[in-house]
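Novice:
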Amino acid sequence: MLIESIGVICIAFGFPLIIYLISGLFIKKKISPAFTSGMKMRPEAEHYLTNLQQYAIFFLVLEATFFIILFSRSLILSLIFMAFLISSVVVILR
Amino acid sequence: MTLTTVFYYFLLFLVLAFLCDWIFRKTKARIQKRYGPLYTGKSGLLQPFADFIKLLSKEDFQRGNIIFEIMPILLTGLAIVPLFFIPVNGKSILSFNGDILFLVFLFDAYTISLLLLGEFSKSRFSRIGVTRQMLLFFSFEIPFIFSIAAFAIKANTLNLSKLGNFSPFLLIAFAVFIISALGKLKRLPFDIGIAEQELVAGYETELSGRKLALLKLSDHFEFLFVAALGSTLLFGPAQSFIGFISKTFVVVFLISFISALFPRYRIDQATRFLWTIIFPLSILGVIVSLI
């Protein structure tokens, strides 16, 4: 299992790295400013920009709910934590 | 299992990933009364591979940001690793109790890395694409995970290689899996994060050349993995290579067929649909598996 795991990681990350490095030898690379650097955001779009920390909290809640549902195998407990998940989503995304 | 076996499996997955894209493009084209890929190889079979090679030769725009440079490599790696957990020919390369949970983490890591890639593109279009994709991610990720949980609960195992207790009631969970897989794979009707007609290319706007090629390749691997996972959930672990390939392609065709039928949802329509219809269905799927 350990050898297979090492082999999988080496191939999974080594293959794209090799492709990236080899193709980099033959192509032109160019540092460019953002194409849209002169544009301004519409004011109404600003509130869609959200905090990554809120997303991180949401993912923790999601994974905890998933774990509890899988390991408890209890219908009532699952429903309680699903309700907790929904309410946390409402709070975070409000 | 030896390292040589790992390498052969990787080659198989690489070929199947390109074939999945070919099936998707051909199915979508036929439904739209077009031919799809036609000339590159027999019936256009080599078209996805040719597109990959073509993109590698294009000019590469750099943003002076190391994360923007390495993220496509990380994404491709994160898309390849889960494939080795899928049972092929009766057993998988990697397997342990709880690997379903590990795969759930890999799904999330892939999507978050994709969003970070768009965030570090420093472009307005990428930023809006990332925001929309994040909203969509919240909406489809929960039903996606619950649908997998329903199968795991029914089979009373967290090991993907030991699934197999199929029940007709699990079709609800499988339907939820297919629909949320469309969001996960960023296919119509849930490709609002890319949305060529609105956002140039969403979070892919600033990508070109080798980075875009690797991103597309990771997309193909992700498509293959989701289809293989769907076939393992529905039909059980594959006992032969032919069985694995045929069952996976059935799910690929199903996803392609559904994707070709619908236009793009707006972000508010997509989130409303996923939260008001698909999310309750996913809960129903879990409840049915608990009974």
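As you go down the protein sequences, you meet chains X and G in turn. Here this note's numbering is used: the first residue of the first sequence is 203, the next is one more, and so on. Here this note's numbering is used: the first residue of the second sequence is 117, the next is one more, and so on. Glycine included, C-beta positions come from ideal geometry on N, C-alpha and C.
Give the range of the alpha helix (DSSP H) segment to which G/D384 is assigned.
Specialist: On the second sequence, position 268 is the one that residue 384 of chain G refers to. Counting along the chain, the alpha helix (DSSP H) containing G/D384 begins and ends at 383 to 389.
Novice: In the DSSP assignment, the beta strand (DSSP E) including G/F177 goes from what residue to what residue?
Specialist: Along the second sequence, one-based indexing puts residue 177 of chain G at 61. Per DSSP, G/F177 is one residue of the beta strand (DSSP E) stretching across 176 to 178.
Novice: Considering only their Cβ atoms, is the gap separating G/G299 from G/L252 smaller than 8 Å?
Specialist: As a first step, residue 252 of chain G must be located in the second sequence, where it is residue number 136. As a first step, residue 299 of chain G must be located in the second sequence, where it is residue number 183. Yes.
Novice: Secondary structure at G/K238, three-state DSSP: helix, strand or coil?
Specialist: In the second sequence, residue 238 of chain G corresponds to position 122, counting from 1. Of the three classes helix, strand and coil, the one that applies to G/K238 here is coil, per DSSP.
Novice: Classify G/L135 as buried or exposed, calling it buried when 16 or more other Cβ atoms lie within 10 Å of its own Cβ.
Specialist: If you number the second sequence from 1, residue 135 of chain G lands on position 19. With 16 or more other Cβ atoms within 10 Å, it is buried.
Novice: Within 10 angstroms of the Cβ of G/L408, are there 16 or more other Cβ atoms? Answer buried if so, exposed if not.
Specialist: As shown, chain G starts at 117 and ends at 407. That puts residue 408 of chain G outside it, with no answer to give.
Novice: Which same chain residues, not among the five before or five after G/I399, have their C-beta less than 8 Å away from its C-beta?
Specialist: The residue given as residue 399 of chain G occupies position 283 in the second sequence. The residues are F262.
Novice: For a minimum of 4 consecutive residues, which ranges assigned as the alpha helix (DSSP H) are wholly contained in the segment 249 to 322 of chain G?
Specialist: 287 to 300, 312 to 315
Novice: DSSP beta-bridge partners for G/V204?
Specialist: Counting from one through the second sequence, the residue named residue 204 of chain G turns up at place 88. Looking at the DSSP assignment, G/V204 forms a beta bridge with G/K207.
Novice: Helix, strand or coil for G/S173, going by three-state DSSP, please let me know.
Specialist: For the purposes of this step, residue 173 of chain G is taken as residue 57 along the second sequence, with counting starting at 1. It is coil, neither helix nor strand.
Novice: Helix, strand or coil: how does DSSP classify G/T121 here?
Specialist: For the purposes of this step, residue 121 of chain G is taken as the residue at position 5 of the second sequence. Note: G/T121 maps to helix in three-state DSSP.
Novice: Alpha carbon to alpha carbon, how far is G/A329 from G/I169?
Specialist: Counting from 1 along the second sequence, the entry for residue 329 of chain G is found at position 213. Counting from 1 along the second sequence, the entry for residue 169 of chain G is found at position 53. If you take the alpha carbons of G/A329 and G/I169, they lie about 8 Å apart.
Novice: Report the neighbours of X/L219 on chain G: residues whose CB is nearer than 7 Å to its CB, in chain order.
Specialist: For the purposes of this step, residue 219 of chain X is taken as the residue at position 17 of the first sequence. The answer, in chain order, is I189.
Novice: Does G/V122 come within less than 8 Å of chain X when only Cβ atoms are used?
Specialist: Indexing the second sequence from 1 puts residue 122 of chain G at position 6. It does: the Cβ of G/V122 has a partner Cβ on chain X nearer than 8 Å.
Novice: Where G/F365 and G/G346 are concerned, what is the direct C-alpha to C-alpha distance, given to the nearest angstrom?
Specialist: Here the question's residue 365 of chain G lines up with position 249 in the second sequence. Here the question's residue 346 of chain G lines up with position 230 in the second sequence. Between G/F365 and G/G346, the C-alpha separation is close to 10 Å.
Novice: Below 8 Å, how does it come out for the segment 211 to 228 of chain G and the segment 287 to 296 of chain G: are there three or more Cβ pairs, yes or no?
Specialist: no
Novice: Please state whether DSSP places G/S362 in a helix, a strand or coil.
Specialist: As a working mapping, residue 362 of chain G is identified with position 246 in the second sequence. Helix at G/S362.
Novice: How would you write the range of the alpha helix (DSSP H) that G/A354 sits in, first residue to last?
Specialist: Taking the second sequence and counting its residues from 1, the one referred to as residue 354 of chain G is at position 238. G/A354 -> no alpha helix (DSSP H), and no H or E assigned at all.
Novice: Looking only at its chain, what residues have a beta carbon closer than 7 Å to the beta carbon of G/K270, apart from the 5 residues adjacent to it on each side?
Specialist: Locating residue 270 of chain G in the second sequence gives position 154, counting from the first residue. Counting only Cβ-Cβ distances below 7 Å, and skipping sequence neighbours, we find N281, S283, L286, S405.
Novice: For the pair the segment 188 to 207 of chain G and the segment 212 to 231 of chain X, tell me if three or more CB-CB distances fall below 8 Å.
Specialist: yes
Novice: Quick check on DSSP: helix, strand or coil for G/K144?
Specialist: As a working mapping, residue 144 of chain G is identified with position 28 in the second sequence. Helix, per DSSP.
Novice: Suppose the cutoff is 7 Å on Cβ atoms and the five residues either side in sequence are ignored; what does the same chain contact list for G/R380 look like?
Specialist: Reading the second sequence from its first residue, position 264 is the one you call residue 380 of chain G. Within the same chain, G/R380 has close Cβ partners L304, P305, D307, I308, A311.
Novice: Taking the Cβ atom as the reference point for each residue, do G/L119 and X/I205 lie within a distance shorter than 8 Å?
Specialist: Translated into the one-based positions of the second sequence, residue 119 of chain G becomes position 3. Translated into the one-based positions of the first sequence, residue 205 of chain X becomes position 3. Yes, Cβ-Cβ distance for G/L119 and X/I205 is below 8 Å.
Novice: Excluding the 5 residues flanking G/L323 on each side, which residues of the same chain have their C-beta closer than 7 Å to its C-beta?
Specialist: Walking along the second sequence from the start, residue 323 of chain G turns up at place 207. Hits under 7 Å: L331.
Novice: Short check: CB of G/Q385 to CB of G/G318, under 8 Å?
Specialist: To locate residue 385 of chain G, count along the second sequence from 1; it is residue 269. To locate residue 318 of chain G, count along the second sequence from 1; it is residue 202. No, they are not a contact pair.
Novice: Applying a beta-carbon distance threshold of less than 7 Å, which residues of chain X neighbour G/T192?
Specialist: The residue labelled residue 192 of chain G in the question sits at position 76 within the second sequence. Those are P218, listed as they occur along chain X.
Novice: Among the residues of its own chain, which have a CB less than 8 Å from the CB of G/V220, if the five just before and after it don't count?
Specialist: The residue given as residue 220 of chain G occupies position 104 in the second sequence. These residues qualify, in order along the chain: I261, I264.
Novice: Could you tell me the alpha carbon to alpha carbon distance between G/E175 and G/F373, rounded to whole angstroms?
Specialist: Locating residue 175 of chain G in the second sequence gives position 59, counting from the first residue. Locating residue 373 of chain G in the second sequence gives position 257, counting from the first residue. Near 34 Å, if we compare the C-alpha coordinates of G/F373 and G/E175.
Novice: Can you check whether the CB of G/H336 is closer than 8 Å to the CB of G/P153?
Specialist: As a first step, residue 153 of chain G is located in the second sequence; it is residue number 37 there, counting from the start. As a first step, residue 336 of chain G is located in the second sequence; it is residue number 220 there, counting from the start. Not in contact: G/P153 and G/H336 (Cβ atoms no closer than 8 Å).
Novice: Judging by CA-CA distance, which residue of G/R326, G/W138, G/I182 is the nearest neighbour of X/I224?
Specialist: Within the first sequence, the letter at position 22 stands for residue 224 of chain X. The shortest Cα separation from X/I224 among G/R326, G/W138, G/I182 belongs to G/R326.
Novice: Rounding to the nearest angstrom, what Cα-Cα distance links X/G226 and G/S334 in this structure?
Specialist: Here the question's residue 226 of chain X lines up with position 24 in the first sequence. Here the question's residue 334 of chain G lines up with position 218 in the second sequence. For X/G226 and G/S334, the distance between alpha carbons rounds to 18 Å.
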